[in-house]
Structure formats: C-alpha cells, structure tokens
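What follows is a set of notes on a single structure, which appears directly below.
Residue numbers (our numbering): -14 to 93.
Structure below.
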C-alpha cells in the first residue's frame, strides 16, 4: 500500500518563498515515525532453497506544492529520504523552482 502526504502552503507567495521552512517541515515529517516496511521475496535460486528477503518502504511520499507565475508543480520526497539533511531538502525545493522559472522563460 502506497500513500502520499500532500503539503500545500496556505498563502501563495511566489516572490520570496521560504524554502528552509518547507524543508524543515518535510524533514520533521520524514523523521516523525518509523516507516513501515514490507518484505518481498527476492531471488530464490539458491541451492539450499532458502528465500532471500529484502525490504522497501511501504509508505509512499510527501509532496509539497510550489508555484511560479500561476504554474504549479510538486516537489516529491520519499520516506527513504529521512536521513537527508534539511539543507539538501531545501536545495531540492530551490532546484525545482529554478526548473519552473526556466520553463516559464522558454515559453515567453
């Protein structure tokens, strides 16, 4: 089962977004609880007949809406990102905003 958490700002501020605030909030959400894990059977080709198990997160993603000139997109974070620093999360926001601005510049 994959679930997503959607975060949308209450005030649309496209001039001076405070990505450190968003990044801190995402970091807190990602590290709030232990992420449930699902065990899937891996390769069963061992001569002993044993199954090699591995895990992957069961819970999906945190998505944060950002917009520029009335065009919106989402910055997506996975629960595997829980060990990523706030600064690295902030950079993802900034990179996504840069992409939005570049896309707008190309269409003008």
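Glycine included, each C-beta is placed from N, C-alpha and C at the ideal position.
Per DSSP, what kind of secondary structure is residue i in: helix, strand or coil?
i          : result
residue 17 : coil
residue 70 : coil
Quick one: is residue i buried, meaning 16 or more other Cβ sit within 10 Å of its Cβ, or exposed?
i          : result
residue 49 : buried
residue 60 : buried
residue 56 : exposed
residue 75 : buried
residue 17 : exposed
Between which two residues does the beta strand (DSSP E) containing residue i stretch?
i          : result
residue 62 : 56 to 63
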